[in-house]
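Colleague: The structure follows.
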Amino acid sequence: MADRIKLGMVGGGRDAFIGGVHRIAARIDDKYELVAGALSSTPEKSQASGADLGLDPSRVYDDFRQMAIREGRLKAGIEAVAIVTPNHMHVPAALEFLRRGIHVICDKPLAATLTEAKRLARACERSDALFVLTHNYTGYPMVRQAREMVAAGDLGAIRVVQVEYPQDWLSTDLEASGQKQAAWRTDPKQTGAGGSTGDIGTHAYNIARFVTGLALEELAADLSSFVEGRQVDDNGHVMLRFKGGAKGMLWCSQVAPGNENALRLRVYGDKGGLEWSQEDPNYLWHTPLGEPKRLITRAGAGSGGAAGRVTRVPPGHPEGYLEGFANIYTEAAEAILAAREGRKPSGEVTFPTVTDGVEGVAFVDACVRSSQMGARWTKLRM
């Protein structure tokens, strides 16, 4: 108990989806103990949510600033905070905790605007606290396996990157019904200028960058709002040009009937190709040029150390979304404990940082600008 990291949470109260996911992920490897929270935008709902979670009422706060001030002064105050609010509140909340030396674990995207994202990056440079961004798909074992294989040269020089993330849940005007998740995700004041590009396009872009290591040179985006009256995009087609000559295409959509969370990545080089699907996450297909397709399983023959390090259960047992999230939390925990003890993390520690977050917001910003100019080739404003 004494070694657990004392964790606070901003957002994630009643009726919130992602807060529960973060709490489960934080406890899977028993590295954290949730002890405080500013769990909702209203004091009444925050207190009710704290009671649901069994928190001490004195450590359930009306707002995140009050929480940061008091927890920063407490002898046994929180060491880290999870921020799981709508996008526009990520930066204001993170700044309050960073300036008090409290480590931040933040949901994606980093911010609603690129200006705010860069402001947060500057604050991270000034702070001794860690900043972790929960692009959870980077925590999947077979994504780590794919990254290891690309880095080892198994695919040769990368030529083509195809990534897509279609969903169907916003195919109708769901926000008009008052559904909470749809309402804030389609409100540009809360989500930012990008709709599907910010919500799931950033995931697609991040996993492509994570696996391949390629740096984007420029993009050309055609964004659409197919549902009448919707203020942000619900579908995006984005062409990608990477430094070094590789080409790519990214499709994100929340109006594609028959798709739930169909994140899929395909990478092709001059020596072979890889294919991975989030809805079938324990399998990675590898096709060496001129040879039959090979199946690599999460804990079976063909997988290496990168996958094994973040694998929990034996072959054949499902492992996926929550465990991927937990891998981010657990590697962040090792970094936090190392900072607490004044040492370097033991073993390899991999998690997305504020730099990845700024690039994700810059990707959305470039997509919006490109689309407004008729899909003109556009560079990221990093």
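When the letters of the sequence shown are read in order and numbered with the UniProt record's numbering, they come out as residues 1 to 382. Cβ coordinates follow ideal geometry from the N, Cα and C atoms, glycine included.
Buried or exposed: which applies to MET373, given that a residue is buried once 16 or more other Cβ atoms fall within 10 Å of its Cβ?
Modeller: Position 373 of the sequence shown, counting from 1, holds the residue named residue 373. By the 10 Å Cβ count, MET373 comes out exposed.
Colleague: Enumerate, from N- to C-terminal direction, the unbroken alpha helix (DSSP H) stretches of 4 or more residues contained entirely within the stretch 65-112.
Modeller: Counting only runs of 4 or more, we get 90-98.
Colleague: Pick helix, strand or coil for ALA51, following the three-state DSSP scheme.
Modeller: The residue labelled residue 51 in the question sits at position 51 within the sequence shown. Helix, per DSSP.
Colleague: Mark MET382 as exposed unless 16 or more other C-beta atoms lie within 10 angstroms of its C-beta, in which case mark it buried.
Modeller: On the sequence shown, residue 382 is found 382 positions in, with the first residue counted as 1. Exposed.
Colleague: If you measure from the beta carbon of ARG381 to each beta carbon in chain C, is any gap under 8 Å?
Modeller: In summary, chain C is missing from the structure at hand, where a single protein chain is found.
Colleague: Can you tell me whether DSSP reads TRP377 as helix, strand or coil?
Modeller: Translated into the one-based positions of the sequence shown, residue 377 becomes position 377. Residue state, collapsed to three classes: coil.
Colleague: Which residue comes first and which comes last in the alpha helix (DSSP H) that contains TRP251?
Modeller: Numbered from its first residue, the sequence shown carries residue 251 at position 251. Per DSSP, TRP251 belongs to no alpha helix (DSSP H); it is in the beta strand (DSSP E), 247-253.
Colleague: Whether or not the stretch 129-139 and the stretch 322-337 are in contact is what I'm after, with contact meaning three or more pairs of Cβ atoms, one per stretch, closer than 8 Å; do they touch?
Modeller: These segments touch.
Colleague: What does a CB cutoff of less than 6 Å around VAL364 pick up in its chain, not counting 5 residues either side in sequence?
Modeller: Numbered from its first residue, the sequence shown carries residue 364 at position 364. Excluding residues within five positions, the ones whose Cβ falls inside 6 Å are GLY194, THR197 and GLY198.
Colleague: Measuring only the C-alpha atoms, how far is LYS247 from VAL163?
Modeller: Here the question's residue 247 lines up with position 247 in the sequence shown. Here the question's residue 163 lines up with position 163 in the sequence shown. One C-alpha to the other measures close to 11 Å.
Colleague: Using C-beta distances below 8 Å, list every residue in its chain close to ALA94, excluding the 5 sequence neighbours before and after it, in chain order.
Modeller: What you label residue 94 is simply residue 94 of the sequence shown in a count that begins at 1. Taken in chain order, the residues that qualify are ILE83, VAL104, CYS106, LEU120, ALA123 and PHE131.
Colleague: What number of angstroms, rounded off, separates the C-alpha of GLU285 from the C-alpha of VAL313?
Modeller: Taking the first residue of the sequence shown as position 1, residue 285 is located at position 285. Taking the first residue of the sequence shown as position 1, residue 313 is located at position 313. Per the sequence presented here, residue 285 reads as Trp, with Glu not at that position. Using only the alpha carbons, I get a separation of about 20 Å.
Colleague: Can you pull the DSSP bridge partners for ALA38?
Modeller: In the sequence shown, counting from the first residue as 1, residue 38 sits at position 38. According to DSSP, which records beta bridges pairwise, ALA38 is partnered with VAL10.
Colleague: Could you check if SER127 is buried or exposed, using at least 16 other CB atoms within 10 Å of its CB as the buried criterion?
Modeller: If you number the sequence shown from 1, residue 127 lands on position 127. So SER127 counts as buried.
Colleague: Could you check which residue in ASP222, GLY178 and GLN145 has the C-alpha nearest to that of ILE207?
Modeller: Along the sequence shown, read from residue 1 onward, the residue named residue 207 stands at position 207. Comparing Cα positions, the closest option is GLN145.
Colleague: What distance in whole Å lies between the Cβ atoms of GLY300 and PRO315, which are believed to be in contact at a cut-off of 8 Å?
Modeller: For the purposes of this step, residue 315 is taken as residue 315 along the sequence shown, with counting starting at 1. For the purposes of this step, residue 300 is taken as residue 300 along the sequence shown, with counting starting at 1. Right, their Cβ atoms sit about 5 Å apart.
Colleague: So, is HIS135 buried or exposed, given that buried needs 16 or more other C-beta atoms within 10 angstroms?
Modeller: Indexing the sequence shown from 1 puts residue 135 at position 135. So HIS135 ends up on the buried side.
Colleague: Taking its Cβ as the centre, do 16 or more other Cβ atoms sit within 10 Å of ARG298, making it buried, or is it exposed?
Modeller: The residue labelled residue 298 in the question sits at position 298 within the sequence shown. Classification for ARG298: buried.
Colleague: Counting pairs of Cβ atoms below 8 Å between the stretch 152-168 and the stretch 236-253, do you hit three or more?
Modeller: The stretch 152-168, when compared against the stretch 236-253, does touch it at the 8 Å Cβ threshold.
Colleague: Please report the distance separating the alpha-carbon of LYS344 from that of GLU359.
Modeller: By one-based count along the sequence shown, residue 344 stands at place 344. By one-based count along the sequence shown, residue 359 stands at place 359. Roughly 26 Å separates the two Cα atoms.
Colleague: Determine the closest residue to ARG230 out of PRO109, LYS189 and ILE296, with distance taken between C-alpha atoms.
Modeller: For this step, residue 230 is matched to residue 230 along the sequence shown. Answer by Cα proximity: LYS189.
Colleague: In terms of alpha-carbon separation, which member of GLY201, LYS243, LEU110 and PRO166 lies closest to ASP356?
Modeller: For the purposes of this step, residue 356 is taken as residue 356 along the sequence shown, with counting starting at 1. Of the listed residues, the one whose Cα sits closest to ASP356 is LEU110.
Colleague: Is the beta carbon of GLN278 closer than 8 Å to that of TRP169?
Modeller: The residue given as residue 169 occupies position 169 in the sequence shown. The residue given as residue 278 occupies position 278 in the sequence shown. In this structure, GLN278 does not lie closer than 8 Å to TRP169 by Cβ.
Colleague: Do LYS31 and ARG4 have their CB atoms nearer than 8 Å?
Modeller: Position 31 of the sequence shown holds residue 31. Position 4 of the sequence shown holds residue 4. Cβ atoms of LYS31 and ARG4: closer than 8 Å.
Colleague: I need the DSSP call for PHE131, collapsed to helix, strand or coil.
Modeller: Against the sequence shown, residue 131 aligns to sequence position 131. Strand.
Colleague: Below 7 Å CB to CB, which residues in the same chain sit around GLY50 once its five sequence neighbours on both sides are set aside?
Modeller: In the sequence shown, residue 50 corresponds to position 50, counting from 1. Contacts found: GLY37, LEU39, PRO57 and VAL60.
Colleague: Among the candidates LEU240, GLY258, LEU74 and ALA335, whose CA atom is the shortest distance from the CA of CYS367?
Modeller: Within the sequence shown, the letter at position 367 stands for residue 367. For CYS367, the nearest C-alpha among the options comes from LEU240.
Colleague: On the DSSP bridge list, what partners appear for MET239?
Modeller: Locating residue 239 in the sequence shown gives position 239, counting from the first residue. Answer is ALA220 and MET249, bridged to MET239.
Colleague: Hey, how far is the Cα of ARG14 from the Cα of MET89?
Modeller: The sequence position of residue 14 within the sequence shown is 14, counting from 1. The sequence position of residue 89 within the sequence shown is 89, counting from 1. Using only the alpha carbons, I get a separation of about 17 Å.
Colleague: Please list the terminal residues of the continuous alpha helix (DSSP H) segment that includes HIS22.
Modeller: Position 22 of the sequence shown, counted from the first residue, corresponds to residue 22. Its alpha helix (DSSP H) spans residues 17-28.
Colleague: Do you know how far the Cα of ALA220 is from the Cα of MET1?
Modeller: Here residue 1 refers to the residue found at position 1 when the sequence shown is read from its first residue. Here residue 220 refers to the residue found at position 220 when the sequence shown is read from its first residue. Low per-residue confidence applies at MET1: pLDDT is 47, beneath 50, and the placement is therefore not dependable enough to give any value.
Colleague: In the DSSP assignment, the alpha helix (DSSP H) including PRO141 goes from what residue to what residue?
Modeller: The residue you call residue 141 lines up with position 141 of the sequence shown. Looking at the DSSP string, the run of the alpha helix (DSSP H) that includes PRO141 is 141-151.
Colleague: Please classify ALA260 as buried or exposed, where buried requires at least 16 other C-beta atoms within 10 Å of its C-beta.
Modeller: As a working note, residue 260 is residue 260 in the sequence shown. Note on identity: in this sequence residue 260 is Glu, with Ala being the wrong assignment. Classification for GLU260: exposed.
Colleague: Please tell me whether LYS108 and LEU74 are closer than 8 Å, where the distance is taken between their beta carbons.
Modeller: Counting from 1 along the sequence shown, the entry for residue 108 is found at position 108. Counting from 1 along the sequence shown, the entry for residue 74 is found at position 74. Going by C-beta atoms, LYS108 is not nearer than 8 Å to LEU74.
Colleague: Is PRO318 helix, strand or coil when you go by DSSP?
Modeller: On the sequence shown, position 318 is the one that residue 318 refers to. PRO318: coil per DSSP, three-state reduction.
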